[in-house]
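K.L.:
Residue numbers for the sequence shown follow the working numbering, so the first one is 5 and each next one is one higher.
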Amino acid sequence: MISADTFDDDPHQELGVDVDASLHDIKKAYRRLAAKWHPDRNTDPQAVWRMQRINQAYQRLCEWLEGGGAPADDPAPEPDAAPEPEPAPEPPQRAKRAWWERNWGFAKWEADGQVVPQAIAAQAHVELESAAYGCVHQLKGFITDLCGDCAGVGRWISPRTSCSVCSGEGRVPGKRSGQWAGCTHCGGDGVDRKPCETCQGSGHAAKAREYHFEVRIPAGLPDGQVIVLRGQGQRCGDQVSDIELTVHIQPHPIFHWDDQGELCCTIPVDLYTVLGEGIVEVPTLDGHLAKVSMANGSQQVLLGMGFPRRDGTLGPLHVRIDTITPRHPSAAQKALLKQLADAVRADATSCPELSTWQRQLKARSSARSRSSR
Ligand SMILES: [Zn+2]
Ligand SMILES: [Zn+2]
C-alpha cells in the first residue's frame, strides 16, 4: 500500500486543485473525490487504491499548509466528514493494520503540550510566636498525579478519523425531530477520540498519593508569605510541579497588626492611673513585661520589642492605651473620690473651667441680691 512517505506525485494534481488552493478548496475537492471513490459506493477495482491516494494527497496538503503557516484567516482544515474507505479487498488482518495506520498512525494527544502538572496550593496556620521565632510545620496532604502515559490529556485525537458518534458532523439529532445538538464525544469538531488505556481517559492517576513534609518556617516570616517546595508537587512523567505553601499567622489574644503591618498591643488602663501618670506593664512577644509610663501619652512605641524582621532585627511594638472609666464604685472608692473631688475644686489651677464656673455663679447671686435690695 501507499504510505504518506512514498506518495511522491503532486498532491494538487491528485485532488485536481490549483497549486495555490486554499484549505477550504482542498477540503471541498477532497470531499467530492471521497464521495466518488469511496469503495462502499464505487465497485471499481481501482476504488480502494484511488481512495488511498486521495487520502494521502489530502493529508500531505494539509500538513504543508499547516506546517508552512497558513494565513491566520484561513480556517483550519475541518475533519473529513467523508466516510473512510474500508479496504475490503485486502485480507482481514492486513486490512485492519492498514486501516489503523491510515487512521490512527497520525494520531496525537488531544491537547499535546497543553497539560502540565499544576502547582499544589497548601496552607499552614501557625501561631504568632512560632512565626516570630521560626518553627517546623508538618505538611500533609494528598496529590493526584497526572497520567504519565498521556501527559494528563486523557484522549488521543485522530485528525484523519471522523467521530464515531456523529460521523464527523459535529452534531447529533436532538430530542425533537429537526433539532440538532452538539456532539459531546468530539466537542463538535467531528474528529474522533480514543481514551488513554492507562488512565481510561481521565488523565489522572487512579489513586491519590499521600505526602508528608517537615517544612521549616523561618523566623520573622510575615503573614501570607509563600514557601515553595520545588519539585514536590504533582507528577506527570518526568515533570513535577511545586507545592506552594502559604503561611497564615493565626490571630493572637493579646497582639494584633496595625495598618502598617507592625505589631500592636492595646492595653486597658483605668482613668485614675492614666490621670495619675502611673506605670503599667506591657507584655512583649518574647513573654516578658515592659513598663510604660502614662505620662508619655496614649500611643507609644517600644523599639526593638515587636515582630522580627527578615534582616534579623526586631521591629517596634506599638502600644495603645484604652482608657477605662470604672463603673459601680464601692463605698470606699466613693469616699476616696469625694476627697479627690474636693481637692480638685479647692485647686483653681488644676481645673480652670470649674473656677470660671464658680465665679460666674457668684457674680450672678450678688447681682440678684443687689437688685432685690
Ligand atoms: Zn492517560
Ligand atoms: Zn462527534
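Virtual Cβ for every residue (Gly too), placed ideally from N, Cα, C.
In this text the structure is predicted, and so the values were computed from the model without any measurement.
Given this structure, state the Cα-to-Cα distance separating H129 from G265, to the nearest angstrom.
P.N.:
Note on geometry: alpha-carbon atoms of H129 and G265 lie some 18 Å from one another.
K.L.:
Please name the residue, chosen from L344, G174, P287, that lies closest to C268 on a Cα-to-Cα basis.
P.N.:
P287
K.L.:
Kindly provide the ranges of any beta strand (DSSP E) runs that are 3 or more residues long and lie completely inside the region 147–231, ordered along the chain.
P.N.:
159–166, 175–177, 184–186, 195–199, 213–221
K.L.:
Verify whether the separation of the beta carbon atoms of V176 and C187 is less than 7 Å.
P.N.:
yes
K.L.:
Can you find the residues in the same chain that come closer than 8 Å, C-beta to C-beta, to S373, ignoring five residues on each side of it along the sequence?
P.N.:
Here the set comprises nothing.
K.L.:
With a Cβ-Cβ cutoff of 7 Å, do R159 and R197 count as a contact?
P.N.:
yes
K.L.:
Restricting to runs no shorter than 3 residues, where is the beta strand (DSSP E) found entirely within the region 315–376?
P.N.:
321–328
K.L.:
Distance, Cα to Cα, H252 vs L307?
P.N.:
Rounded to the nearest angstrom, the two C-alpha atoms are 25 Å apart.
K.L.:
If you follow the alpha helix (DSSP H) that S134 is part of, which residue opens it and which one closes it?
P.N.:
132–137
K.L.:
Is DSSP giving I30 helix, strand or coil here?
P.N.:
helix
K.L.:
Following the continuous beta strand (DSSP E) through E248, name the residue where it begins and the one where it ends.
P.N.:
247–253
K.L.:
Three or more C-beta pairs under 8 Å: does that hold for the region 203–221 against the region 126–144?
P.N.:
yes
K.L.:
Leaving out five residues on either side along the sequence, give the residues of the same chain with a beta carbon under 8 Å from the beta carbon of P384.
P.N.:
Here the chain comprises residues numbered 5 to 377, so residue 384 is not present and cannot be evaluated.
K.L.:
Around ligand 2, which residues pass a check of Cβ closer than 5 Å to any of its heavy atoms?
P.N.:
C167, V169, C170, C187, H189, C190
K.L.:
State the Cα-Cα distance for the pair E357 and T327, rounded to the nearest angstrom.
P.N.:
22 Å
K.L.:
Ends of the beta strand (DSSP E) at T270?
P.N.:
267–274
K.L.:
So, helix, strand or coil for E285, using DSSP?
P.N.:
strand
K.L.:
Less than 7 Å between C-beta atoms, sequence neighbours within five positions excluded: which residues of the same chain meet that for P272?
P.N.:
D326, I328
K.L.:
Classify N59: buried if its beta carbon has 16 or more other beta carbons within 10 angstroms, exposed otherwise.
P.N.:
buried
K.L.:
Should S166 be labelled buried (16 or more other beta-carbon atoms within 10 Å of its own) or exposed?
P.N.:
Residue burial is scored here from C-beta neighbours: S166 has at least 16 other C-beta atoms within 10 angstroms and is therefore classed as buried.
K.L.:
Quick one, which of P312, S26, Q238 has its alpha-carbon nearest L69's?
P.N.:
S26
K.L.:
Please determine whether the Cβ atom of D149 lies at a distance below 6 Å from any heavy atom of ligand 1.
P.N.:
For ligand 1, not one heavy atom lies less than 6 Å from the Cβ of D149.
K.L.:
L279 by DSSP, collapsed to three states: which one?
P.N.:
helix
K.L.:
With DSSP collapsed to three states, give me the class of H256.
P.N.:
coil
K.L.:
Determine the direct distance from the alpha carbon of V348 to that of E355, and round the result to whole angstroms.
P.N.:
Sequence check: residue 355 is Cys here, not Glu. Roughly 7 Å separates the two Cα atoms.
K.L.:
How many Å lie between W361 and K342 at the Cα?
P.N.:
19 Å
K.L.:
Just reading off the alpha helix (DSSP H) that Q304 is part of, what are its end residues?
P.N.:
First-last for Q304: 303–306, but that is the beta strand (DSSP E), not the alpha helix (DSSP H).
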